[in-house]
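One structure below.
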Amino acid sequence: MPLYGHRFFMQHDFEAPVDTASTKLGSTADPITGKLTAPPYDPRFPNMNKTRMCWQNFVDYHRCVNKFGEEHKPCAWFQWVYKKICPNEWHERWQERVDDDAFAGRLK
0 MPLYGHRFFM QHDFEAPVDT ASTKLGSTAD PITGKLTAPP YDPRFPNMNK
50 TRMCWQNFVD YHRCVNKFGE EHKPCAWFQW VYKKICPNEW HERWQERVDD
100 DAFAGRLK
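In terms of numbering that gives the first Met the number 0, the sequence shown has 86 at position 87, counting the first letter as 1, and numbering is strictly consecutive.
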């Protein structure tokens, strides 16, 4: 699956300024548009169980950061989605494993 296969990236202009004060990644505001929202439907994950969607967005975020750097705006989208749909314990544990170079996924 390509890094930017999600339909969101084809519909939005990432050069538009975003008010960063109102779009903290932990909030319910979309980091790109700044509107209050929930992550949209992703056709890659049609089932109710969002475990795979959570994992994939975590991996996509780290791949994006490794490739483009943390300043790249589309990377914030992946982080926002996984923080919205994943239990905190999951992504905190995964981040610990990434930091220890013991993460099971391919991040590069």
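Glycine included, C-beta positions come from ideal geometry on N, C-alpha and C.
Pick from the options that is closest to residue i, judged by C-alpha positions
i	options	result
Lys34	Trp76, Gly68, Leu106 and Met52	Trp76
Trp79	Arg43, Pro42, Cys53 and Ala103	Cys53
Alpha carbon of residue i to alpha carbon of residue j, nearest angstrom
i	j	result
Lys107	Asp99	15 angstroms
Met47	Trp93	22 angstroms
Glu95	Thr32	30 angstroms
Asn65	Phe57	12 angstroms
The alpha helix (DSSP H) enclosing residue i, as first and last residue numbers
i	result
Ala108	Residue 108 lies beyond the residue range present for the chain, which begins at 0 and ends at 107; the question has no answer from this structure.
Lys66	Thr50 to Phe67
Asp98	Asn87 to Asp98
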